[in-house]
Amino acid sequence: MDTKPDLKALAAANPDHWAKATAIRALTLDAVHAANSGHSGMPMGMADVATVLFEKHLKFDAAAPNWPDRDRFILSAGHGSMLLYALLYLTGYPEMTLEQIKNFRQWGAITAGHPEYGHAPGIETTTGPLGQGIANSVGFAIAEEIQRARFGKPLVNHRTYVIAGDGCLMEGVSQEAIALAGRLRLSRLIVLWDNNNITIDGPVDISDATDQVARFTASGWNVISIDGHDPQQIDEALTAARGADRPTMIACKTHIALGHAAQDTSKGHGALTDADQMAKAKAAYGWTTGPFEVPAETKAAWESIGKRGAAAHARWKERLAALSERRQAEFARIYAREMPAKLAATINALKKQASESAPKVATRTSSERVLEVVNPILPETVGGSADLTGSNNTKTGDLGIFLPDNRKGRYIHYGIREHGMAAAMNGMVLHGGVRAYGGTFMCFTDYARPAMRLAALMKIPTVFVMTHDSIGLGEDGPTHQPVEHLAISRATPNTWVFRPADTVETAEAWELALNSTETPSVLSLTRQNVPTVRTKHKRENLSAKGAYVLSPSEGKARAVLIATGSEVSIALEAQKTLQAEGIPTRVVSMPCMELFAAQDEAYRRKVLPVGPVRVAIEAAVQQGWDRWLYGEGGRDKKAGFIGMTGFGASAPAGTLYEKFGITAEATVAKVRELLG
């Protein structure tokens, strides 16, 4: 391809296409100039690809953006957000008005600097952290396959398209994603690579020599290389991709900031705000209208593209209406993220059985027992593990393995890909009709963290099952023993972190996680066996309040012991000793700090009254505990913490608890010290 393509020749070869693509470029220049910030180059370079995709291939109805059988379009290179916003405005999405385009990156506008899920229909996922979109797309494609197998092709028959840049493909999560997609032969996944050879620091080759075509091919993908400014080549490549039996990557050779003085330079990646250069670029395009003005005939042509899918949507609604009322109701239920009525009764029955039999089991085993009764009544659940199925206890017998020859399978072997797993799970939840959960060790939340954070930011109820949650995992040592990970997860806004004490609390945590519609959950589960602490059955979900009085004091409390997970039994043991010594002591189980914080002050003070000394017990660092130790009653409150102050060590679990002083004896000594 020439270094400086002949724009006049491109325009003359296909004037209708050129006018539509130029509208994207002009709106991008205007919006970034008005905001005095943004990223102009990618939308300008990929405008031709996006135009052909939306005009000739993408199945959507702008008047019904949430149609379940629409194709999904994901802008993984989220810094080029004006490409997406321009497309939504031009095709007639009602919420994406010209006023929103004019207020690009401004307070209160839905046109944020990077696409934000929930801000406007047509934004399928939050992107910006590079690589997340392409990793999400694997989950979108998996969800489509599973639902098509369940409901049939007449109801579920769509594709997922992704625009990804060089930066997306450099991020490590992209390899996790494409390797998994290749193995699963997700043929309805099509990635359009913006191959412009430019990064912020300069040409790609200053930091990367990867042959991306060879890389995707080696990962089991179909690969097509084209000129990203030739509409015929783009159309032919997309047509071929739709007929492939595996995922397709289309390598689109493009010019970043096409037609601008910054074309093919690192400057072209960012905000192109110079008024003179902008005017010259528009003149080179043959664009003569004023700022934010799109010629009526061009806007009408784009709007007709936005209406094209209405007929297909209408036919789909007829097919949906032809289903039995039960099937229609089930389809609507799973897309509304509603739980069936029988879930509450199922959880209650399991709680009753656990309270009566009082098993001494690891909470990872408790979680498995919950899933064994929940998965059969929730056909939308899709489980998985990052190569730790037998340790995470995430697979139940009824699920089946999701593979190219078994699209009805509901369990995914993600391999050693924690980040890719978490991002794919987010994609499934975003797609709709699927409730995804997946497991790894708690310490590997470090690897999954970017996707976990985005689940919270996007307000989606992904469930992260994190086992081996403390020094209690034992001999594997400090590399595998999480000490700071609870604090990190709790510090994340809009995240429920559950650390249940036994099977009963584990069942309650799962019930809350599954009923959530806007908040992801982290289930922190033990490797070691723990006793049942809830031996009296209560139908009420006590964990829903975040913390509650598990064992009241004998007389007015002088001490309150607060604990989570495996340390609740330590608190109960310490309580016995203290009360035998004449020190009335209350034990509070706190399975979820976030839910406790959401209760009114009266309830919180009822559980944690002012007056008694407080001691928290948790095999993790203290960060995050001070509010419950000091903040609710004043900084001068006498309080202490029994837990970790550094990393763990390699030894049996019992030895570690003793050596690090996380024991009933240490708790009793701390209470005595505080009482003076």
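With numbering that gives the first Met the number 0 as the guide, the letters of the sequence shown map in order to residues 0 to 675.
Heads up, the beta-carbon is just placed ideally off N, CA and C, and yes, glycines get one too.
Would you mind giving the Cβ-Cβ distance between residue i and residue j, rounded to the nearest angstrom? I have them listed as a contact below 8 Å.
i: P42; j: A85; result: 7 Å
i: R527; j: S565; result: First, the residue type needs correcting, since residue 527 is Gln and not Arg in the sequence shown. Right, the Cβ-Cβ distance comes to about 6 Å (below 8 Å), so this counts as a contact.
i: A256; j: L271; result: 6 Å
i: G438; j: N493; result: Their Cβ separation, rounded to whole angstroms, is 21 Å, which puts G438 and N493 out of contact at 8 Å.
i: F139; j: G37; result: So it is not a contact: roughly 26 Å between Cβ atoms.
i: I641; j: A665; result: 6 Å
i: Q291; j: K101; result: Reading the sequence as shown, one finds Phe at residue 291 and not Gln. Confirmed, Cβ separation roughly 6 Å.
i: M338; j: Y116; result: That belief does not hold up - the Cβ atoms of M338 and Y116 are roughly 22 Å apart, past 8 Å.
i: A361; j: T525; result: 5 Å
i: R24; j: A46; result: 5 Å
i: S469; j: E504; result: That pair is no contact at about 16 Å.
i: D207; j: L154; result: Not really, about 42 Å apart at Cβ, beyond 8 Å.
i: R406; j: I145; result: 6 Å
i: R434; j: T380; result: 5 Å
i: I333; j: H268; result: That belief does not hold up - the Cβ atoms of I333 and H268 are roughly 41 Å apart, past 8 Å.
Pull up the DSSP beta-bridge partners for residue i, would you.
i: S588; result: Y547, A562
i: F640; result: A615
i: A251; result: Before going further, note that residue 251 is Cys rather than Ala in the sequence given. Its beta-bridge partners are D193, I225.
i: I411; result: G383
i: R71; result: T159
i: V529; result: V360
i: A435; result: V381
i: T198; result: G201
i: V48; result: According to DSSP, V48 bridges with nothing at all.
i: G521; result: In the sequence on display, residue 521 carries Val and not Gly. According to DSSP, which records beta bridges pairwise, V521 is partnered with F463, V496.
Residue i to residue j, Cα distance in whole Å?
i: G91; j: R533; result: 56 Å
i: G630; j: A558; result: 17 Å
i: H467; j: L370; result: 18 Å
i: V428; j: P460; result: 7 Å
i: K544; j: A597; result: 8 Å
i: I122; j: T644; result: 43 Å
i: L179; j: A274; result: 46 Å
i: A663; j: T576; result: 9 Å
i: T288; j: E54; result: 23 Å
i: M0; j: R245; result: Bear in mind that the predicted position of M0 carries a pLDDT of just 46, short of 50, making it unreliable; the figure below should be weighed with that in mind. Those two C-alpha atoms are separated by around 28 Å.
i: R671; j: A573; result: 11 Å
i: T531; j: T395; result: 23 Å
i: D15; j: I223; result: 25 Å
i: T253; j: D397; result: 48 Å
i: V137; j: T159; result: 9 Å
i: A311; j: F215; result: 33 Å
Who are the Cβ neighbours of residue i in its own chain at under 8 Å, not counting the five residues just before and after it?
i: H412; result: G383, S384, D386, T388, I400
i: L607; result: A546, V559, I561, V587, R613, W627, E631, G632
i: H479; result: F440, C442, H467, L472
Comparing alpha-carbon positions, which option in the options lies nearest residue i?
i: R613; options: D15, L628, Q146, I346; result: L628
i: T247; options: I197, I162, S323, E324; result: I162
i: P378; options: P403, Y602, K341; result: K341
i: P230; options: M81, V51, I333; result: V51
i: P583; options: G107, M592, C591, E553; result: E553
i: Q211; options: A236, Q174, D200; result: Q174
i: K279; options: L28, I109, A579; result: L28
i: L129; options: Y160, R409, C167, R71; result: C167
i: T393; options: V567, T364, T345; result: T364
i: G79; options: A30, L594, E98; result: A30
i: Q131; options: S523, A423, R489; result: A423
i: A450; options: L485, P481, T491, L83; result: T491
Please decide whether residue i counts as near chain D, where near means a Cβ-Cβ distance under 7 Å.
i: H268; result: The structure shown has no chain D; it contains just one protein chain.
For residue i, I'd like the list of residues in its chain whose CB is within less than 6 Å of its CB, leaving aside the five on either flank, ordered along the chain.
i: G305; result: A61, T90, G91
i: V462; result: Y436, A512, S520
i: Y446; result: E417, H418
i: G164; result: A76, D193
i: W509; result: V369
i: R71; result: E123, F139, T159
i: Q578; result: E553, T584
Within its chain, find whatever has a CB closer than 7 Å to the CB of residue i; leave out the 5 residues flanking it on each side and keep chain order.
i: G639; result: V614, K669, L673
i: T516; result: R336, P460
i: F150; result: F330
i: P120; result: P64, N65, Y92, E94
i: A648; result: G476, P477, L655
i: T21; result: Y284, W286
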